[in-house]
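A short worksheet on the structure shown next.
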Amino acid sequence: MSDLQSNRSGTGTETASHFDALIVGAGFSGLYMLYRLRQLGLSVRTYEAGSEVGGTWFWNRYPGARCDIDSMNYSYSFSHELEQEWKWTERYATQPEILRYLNHVADRFGLRQDIQFSTRVASAVFNEATNRWMIQTDDGASVSARFLIMATGCLSAAKVPDFQGLETSQARWYHTSRWPQEGVDFTGQRVGVIGTGSSGIQVIPIIAEQADHLFVFQRTPSFSVPARNAPIDPTYESQMKATYAEYRRKARETRAGVVMEVNPKSALDASPEERELAYKARWELGGTSFLTTFSDVMRSRAANETAAEFIRSRIRATVRDPAIADALSPKDYPLGTKRICVDTHYYETFNRDNVTLVDVKSSPIEALTPKGLRTRSAEYELDSIVFATGFDAFTGALFNIDIRGRGNASLKQKWADGPRTYLGVAIAGFPNLFTITGPGSPSVFGNAIVSIEQHVDWITNCITYLRERCLERIEATTEAEDKWVAHVKEVADGTLYPMANSWYIGANIPGKPRVLLPYAGGVGAYRKTCEAVAAQHYEGFSLTRAG
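Just add 502 to the spot in the sequence shown (first one is 1) and you have my numbering.
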């Protein structure tokens, strides 16, 4: 029975102050979580910092922003009708199209009435006497909830560099994940883009077409493969929609949540000619399936190097200036251990006369100046600066909220040496708190929507289990948490991922502990583990009966 049913007036500003569940975030995970909990008849409040639904797809509206998962895969599977009625227009959907999709979902299922927009959660404290979470928002309002569900996303807390002179620079500056809704016109400007990760690689070709001159400030080059984006083929769309159920079932059992051809052969067992033909075929196909050209690309450094060298050869063949091609070619880390990027004419952009590549690894940025930017060796006059500097992944959004569990223990302090979770969904010492695609879950190592739906379904089933048995509280045990953290590390150590200073291990944030944040064991194996835990009456959790 609900503690107090919400008003659901359609305004998203109910007067109720006590809820069965409170969700933080209204992106893909928050919307689906809200949908499932309302199916249970629970009273739910969702807080969203943005003025609309969408989460990261609301904020990341920079020019060129696209998903790197095929759009017909990067979508919900919970509604057959939704799958059939929605028509994607391109292989890789743009940010505006994904945002339209999420708005359609919110409207179709009447979700807005339980969402309060333009509201940030400032603190959440667990009350041990009542077994409820006490939540305070940035406007001073207070509510309580039995369950607190963090749908804050893995990539939502923007990383803005703390450059000297940032506040006094006369150059206009923008962060790719906080782009103005009205857009930006760079026509006739001298523009600097800082960062060449996924966001930078998407935005750089478009700004280059507008700007009078574009300076690309690169510290570490990224591996990027062509998207080969194109309009959705009607025949492909019909086939997918006719077989969606079976496709989704198979996707849930894969390593990355996407059905793709994985060559069982080792790259080292293939002849140089065979490898060349195989890599070329995947290169022409486009997309991240390049990483599965051979079975051991992500497990063997020697096999990985054959794939990495193929990409470097493509860069050399594309970029006319050999020195620039060399600077754009990663050499210090294995392919895929930093997020592989998917681009449209990124490397071709450096053949333009109005584009200059600046190496800030050998000559770091020292400060923003009144007229632009200064490195150790030169000063650049700029009208605008774009920070494509990414996110404080996984933990940043959670640390932006003062979350305190039993004994007033701070989550930020508990995770001072790195995040510790059980299954990436629960935390010892923080009862009735769930994290959707949190640290220690597969999340960003594949199709995030598959992981999101799995987590939401698992949380929903868990809450149903508790209610049916009049159980008031659930909390991961320290022992189970310790074992899961050790398992996540053991799996990580068997991969190439720890060999790169990537945001996967928190290396992009000064002082952040170096820990592989996602679980590298694959979504299929992870799903089986979660199902086994539930089947054993939530093994590894302490359950408390009401009263």
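For glycine and all other residues, C-beta sits at the position ideal for the given N, C-alpha and C.
DSSP, reduced to helix, strand and coil, places arginine 674 within a strand of the structure shown.
Approximately 4 Å separates the beta-carbon atoms of alanine 805 and alanine 769; this is inside 8 Å, confirming the contact. When DSSP states are grouped into helix, strand and coil, methionine 652 belongs to the strand group. Contact between the region 870-886 and the region 904-923 is not established, with fewer than three Cβ pairs separated by less than 8 Å. Rounded to whole angstroms, proline 733 and glutamate 592 show a C-alpha spacing of 4 Å.
Distance from the CA of aspartate 572 to the CA of lysine 863, rounded to the nearest whole angstrom, comes to 34 Å. Cβ-Cβ distances below 7 Å link cysteine 656 to Ala895, Phe896, Thr939, Ser945, Val946 in the same chain, with the five nearest sequence neighbours on each side left out; the list follows chain order.
When DSSP states are grouped into helix, strand and coil, glutamate 868 belongs to the strand group. Burial check for aspartate 823: the Cβ neighbour count within 10 Å stays below 16, so the residue is exposed. Each of Tyr594, Gly699, Leu533, Thr877 was checked against the Cα of glutamine 615, and the nearest Cα belongs to Leu533. For glycine 907, no beta strand (DSSP E) run applies, since DSSP gives it neither H nor E.
Contact between valine 860 and phenylalanine 717 holds: CB atoms are separated by about 6 Å, below the 8 Å threshold. The straight-line gap separating the alpha-carbon atoms of threonine 966 and valine 1025 is approximately 23 Å.
Distance from the CA of serine 943 to the CA of valine 958, rounded to the nearest whole angstrom, comes to 13 Å. Tyrosine 848 sits in coil when the DSSP states are folded into three classes, being neither helix nor strand. About 7 Å separates the CB atoms of threonine 979 and phenylalanine 1043; that is less than 8 Å, so the two are in contact.
The Cβ neighbour count for lysine 840, taken over all protein chains shown within 10 Å, is at least 16; the residue is labelled buried. Within its own chain, the residues whose Cβ lies closer than 8 Å to the Cβ of arginine 876, once the five positions on either side in sequence are excluded, are Ile867, Glu868, Ala869, Leu870, Tyr882, listed in chain order.
Contact annotation: isoleucine 813 and phenylalanine 725 have beta-carbon atoms nearer than 8 Å. Excluding its 5 nearest sequence neighbours in each direction, valine 705 has C-beta neighbours in its own chain below 7 Å: Tyr564, Pro565, Gly566, Thr678, Val695, Val888, Ala890, listed in chain order. Counting only runs of 4+ residues, the alpha helix (DSSP H) found wholly inside the region 755-815 occupies 774-787, in chain order. Linking glycine 529 to proline 682 through their CA atoms gives a straight-line distance of about 19 Å.
Closest by C-alpha distance to serine 912, out of Gln666, Phe628, Tyr578, is Phe628. Contact annotation: the region 640-656 does not touch the region 666-677, with fewer than three C-beta pairs closer than 8 Å. Between methionine 800 and glycine 1013, the alpha-carbon positions lie close to 28 Å from each other. The criterion of a C-beta distance shorter than 8 Å is not satisfied by valine 760 and asparagine 963. When the Cα atoms are used, histidine 582 and alanine 744 turn out to be separated by approximately 11 Å.
Annotated three-state conformation of tryptophan 681 is coil, per DSSP. In this structure, the beta-carbon distance from glutamate 983 to arginine 1029 does not fall below 8 Å. The three-state secondary structure of cysteine 1032, taken from DSSP, is helix. The DSSP-derived three-state label of histidine 1039 is coil. In the DSSP annotation of this structure, the continuous segment of the alpha helix (DSSP H) that includes glutamate 599 starts and ends at 597-610. A straight line joining the alpha-carbon of glutamate 992 with that of cysteine 1032 spans about 18 Å. Counting along the chain, the unbroken beta strand (DSSP E) around methionine 636 starts and ends at 634-639. For histidine 715, the number of other beta carbons within 10 angstroms of its own is at least 16, and it is reported as buried. Threonine 808 and aspartate 834 have their alpha carbons spaced roughly 14 Å apart.
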